[in-house]
């Protein structure tokens, strides 16, 4: 007899837990019986993509994950790298896309809370947060609401919990109208001698529940996060959790204090799938079992049933395994911080998760079945690229209208520049970051908007409630961080686009003088069950793997968010652009030597590193460019190809030039190409520049706005030493292109004797500086 | 000189403050838990910034009932210095050590930025290493930084030289354009009548001032 027919659940009930018919049969095989309602719910959340990566695991396995600096790679709550001088950095990125689409404020706020818990669960004090955000077109009323809600949510949580929000990125594109992306990356400094792991150990050791209470909020959030969004998703609002940053702040202090006692054997935060996930993962990782008594769990509501306890995603909760006999010591710490702490179970020898409720067994499942031995789907890659891609690749620059020194299609180059400066994706994000506390903890070396990457001073933190030592550290090491992904590149060519995301992240770190160290990735994609969706995912993963090898930046962990699709009114799924966000951290040898993107002084000489002006190549193109999209309404062409050798050489030269003190400013050329990079350095400084570019064989719009080419724009004071060094290392891949002007001087870009662009910096600054605010009014 | 830095649940600038008092100024510093009531060893009490008790009910409204604040009031009444920064200032107005209140910023958004402040009065212990009229730049970070008091109270603050700092532009002009949060009379820092209790900052978290370069933060204390 068919297993499904004999099931005590209707097919609809099974489907409502996010379980497919063949998966139900698997569950019955593993249990040797039908599950009860609570167990079905546990499988539903644990077998979701969000928790078990059933679609992406085979693809993730190709990432390089080891290196001399990697202390903890994928599999724990966060990666940990050795920064030198005894400083260990924990970092990780995570998405909260679906909750933010339904309830932007709480969705984004709890996204920040969740990623912070991943950091301090390891024994690290969170020191900084970055956010990678994607929204629809800012002219749309719903997008405005989502955008404002997400920013307010991040601001609310991050500011209150006292962790500086130091950087990130914001893109606007219609591809994200119904399904914004909210990815948060956090970094922390290890405070405990031992890195706290999550595998349960020691048969008979008590299991402690600590933090906040459990309620019905966020029920089944993990399954919700792994389904497509529809108009009815708004009814899923109970699946969105509510965060309390005040409790989280106390939880940080209490946890770090608890870890320092040495009485905590293992720790796991409760994120997606709450109690179910934390018990199953701790048991499976330790090769043991866990017994959990739901009657001991502090509840904030009455009448909750096991299904609700097990699937609740109430925030600010953790599970510990404690050393037997020392539990009271830990409980006292949490009580002092006015937090819950109870012994709620114990470690079992038998590798099962056993849930007790009102004296009886409410659920009993092999731990491995929930967290390790989960379904894996290997899908077949399309034999040839999908038609949307091949059609786009057929585009060439010849299809653009002719242009000359006056401009293009009736627009002067000044007007084209202004249009691009007014594009929200390119424009200043000041409206966003001025609402984030980017200074708290007093370690922010470069403020948001000041450079291509955030730089934070690292200094060991003291324990605020016991003996203090706030003497200044000898180390001048800093950590630089960035998040990057140009999703249009990835959409048009997932392999090249993903490679470029890694290359750009490494370039951004190099622009502040930091050596790239390691990566955390957030794969935001559509449905992998569709051939095109899987083609995008598989190629992007291959690109990340290749690029991370090339840059020697191993992946230490990350997050996968699939099914990012919005159903339109006709019920057709509209996938987002495939968006593999790369979070990269780098090491700054000396925080006194970092540079920003603003020109420093009049007379400084401006050099372009990378492919020189006038070159036309697959590595430097208008294909997939911001100029093509904004000024011609065309999404087509091949994105620029990454030249790993040139990227590495250019980045190394930039870092060395900064270290030597020759380079006074550095800024990479990305969206908008060289002309926009120059304009941004002018705006940041309030200074003009006089630039001359040789057009060579290139069209003038290519000369100004082509993207790619491993390019970094630097300004240099000590000409001779730099000149000799750059010549030796890069040859003609380092070109002198102009001179920094005075405060208030205009920007002029000429080719030969013809002036293409001549704009007052104040005017550019106004357009660029107010583009987002104006659209919100 | 010994500093005490209060730690409430939710304080998040307590360490930042200690980095200044101990790390930069080289003064002995003790973190004081909010349940403590004996602070007789402390010379200067500092109520730091952050979100004490999550800003529930109203900023500083719950912190005022803590044992450490009762002790801090006694400390102030004995003429010893007390400094409140940001949330700490809100607490000091709640306990009545300073007049007025802090309300939601004029544009209702949290603001994190650098602001110019004009030193209005350098005769206090808190400002005496500045020149009167000097323009300084401090970091600000607050959602409720709009200083408000009844007109007669404002008048008294002005008449008695209790205004220590005013928001201004880099040229030193205090006007609406240089007022980030709507504070009355651009007030950014005040002291009590006796001069031992300043609220430093309309939440300008002055201590954050680029201390990583080792600059002095704030003279006189």
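Chains as they are written, first to last, in our numbering: chain A, 513 to 1289; chain B, 574 to 794. Beta carbons: idealized from backbone N, C-alpha and C, even for Gly.
Where residue i and residue j are concerned, what is the direct C-alpha to C-alpha distance, given to the nearest angstrom?
i                      : j                      : result
residue 1152 (chain A) : residue 1131 (chain A) : 4 Å
residue 1079 (chain A) : residue 825 (chain A)  : 26 Å
residue 971 (chain A)  : residue 1100 (chain A) : 13 Å
residue 1306 (chain A) : residue 950 (chain A)  : Outside the shown range of chain A (513 to 1289) lies residue 1306 (chain A), about which nothing can therefore be said.
residue 1111 (chain A) : residue 1237 (chain A) : 21 Å
residue 966 (chain A)  : residue 686 (chain B)  : 16 Å
residue 851 (chain A)  : residue 592 (chain B)  : 27 Å
residue 1024 (chain A) : residue 1017 (chain A) : 12 Å
residue 575 (chain A)  : residue 591 (chain A)  : 14 Å
residue 799 (chain B)  : residue 608 (chain B)  : In this structure chain B extends from 574 to 794, so residue 799 (chain B) is not present and cannot be described.
residue 688 (chain B)  : residue 555 (chain A)  : 54 Å
residue 628 (chain A)  : residue 638 (chain A)  : 6 Å
residue 881 (chain A)  : residue 1216 (chain A) : 56 Å
residue 1285 (chain A) : residue 738 (chain B)  : 30 Å
residue 1271 (chain A) : residue 930 (chain A)  : 9 Å
residue 525 (chain A)  : residue 675 (chain A)  : 42 Å
residue 707 (chain A)  : residue 596 (chain A)  : 16 Å
What first and last residue would you give for the beta strand (DSSP E) that runs through residue i?
i                      : result
residue 685 (chain B)  : 684 to 692
residue 1254 (chain A) : 1246 to 1255
residue 1179 (chain A) : 1175 to 1180
residue 849 (chain A)  : From DSSP, residue 849 (chain A) is part of no beta strand (DSSP E); its letter is neither H nor E.
residue 641 (chain A)  : 636 to 647
residue 656 (chain B)  : 655 to 658
residue 504 (chain A)  : With chain A covering only 513 through 1289, there is no way to say anything about residue 504 (chain A).
residue 586 (chain B)  : Looking at the DSSP string, residue 586 (chain B) is not in any beta strand (DSSP E), and its letter there is neither H nor E.
residue 684 (chain A)  : 676 to 684
residue 536 (chain A)  : Looking at the DSSP string, residue 536 (chain A) is not in any beta strand (DSSP E); the run it does join, the alpha helix (DSSP H), is 533 to 543.
residue 719 (chain A)  : 718 to 723
Which residue or residues does DSSP assign as beta-bridge partners of residue i?
i                      : result
residue 1098 (chain A) : A:992, A:1028
residue 708 (chain B)  : B:691
residue 1262 (chain A) : A:1204, A:1267
residue 740 (chain B)  : B:690
residue 1137 (chain A) : For residue 1137 (chain A), which the question treats as bridged, DSSP gives no partner whatsoever.
residue 780 (chain A)  : A:831
residue 917 (chain A)  : Residue 917 (chain A) is not bridged to any residue.
residue 575 (chain B)  : B:601
residue 923 (chain A)  : A:920
residue 1035 (chain A) : A:1072, A:1092
residue 715 (chain B)  : B:684
residue 594 (chain A)  : A:600
residue 720 (chain B)  : B:675
Is residue i close to chain E, meaning its C-beta is less than 8 Å from at least one C-beta of that chain?
i                     : result
residue 948 (chain A) : This model lacks chain E altogether; the protein chains it does include are A and B.
Short check: CB of residue i to CB of residue j, under 8 Å?
i                      : j                      : result
residue 641 (chain A)  : residue 662 (chain A)  : no
residue 626 (chain B)  : residue 583 (chain B)  : yes
residue 1261 (chain A) : residue 1252 (chain A) : no
residue 1037 (chain A) : residue 1048 (chain A) : yes
residue 999 (chain A)  : residue 650 (chain A)  : no
residue 535 (chain A)  : residue 1072 (chain A) : no
residue 1092 (chain A) : residue 1056 (chain A) : yes
residue 803 (chain A)  : residue 860 (chain A)  : yes
residue 696 (chain A)  : residue 608 (chain A)  : yes
residue 879 (chain A)  : residue 864 (chain A)  : yes
residue 889 (chain A)  : residue 566 (chain A)  : yes
Which residues bound the alpha helix (DSSP H) around residue i?
i                      : result
residue 857 (chain A)  : Here residue 857 (chain A) belongs to no alpha helix (DSSP H); instead the beta strand (DSSP E) covers 852 to 860.
residue 885 (chain A)  : No alpha helix (DSSP H) holds residue 885 (chain A); DSSP gives it neither H nor E.
residue 1157 (chain A) : 1156 to 1172
residue 556 (chain A)  : 549 to 558
Quick check: does the Cβ of residue i come within less than 7 Å of any heavy atom belonging to the ligand MN?
i                      : result
residue 1237 (chain A) : Absence of the ligand MN from the depicted structure is noted, as is the absence of any ligand whatsoever, leaving it without description.
Give me the subset of the segment 765 to 781 of chain A whose CB atoms are less than 9 Å from a CB atom of chain B, sorted by chain position. 765
The segment 1235 to 1249 of chain A: which residues have C-beta closer than 9 Å to a C-beta of chain B, in chain order? none
What are the residues in the segment 1145 to 1157 of chain A lying within 7 Å of chain B by C-beta distance? none
Interfacial residues, the segment 591 to 620 of chain B to chain A, with Cβ spacing under 9 Å: 591, 592, 593, 594, 595, 596, 597, 599, 602, 603, 604, 606, 608
Please identify, using Cβ separations under 7 Å, the residues of the segment 842 to 866 of chain A that lie next to chain B, in order along the chain. 849, 850
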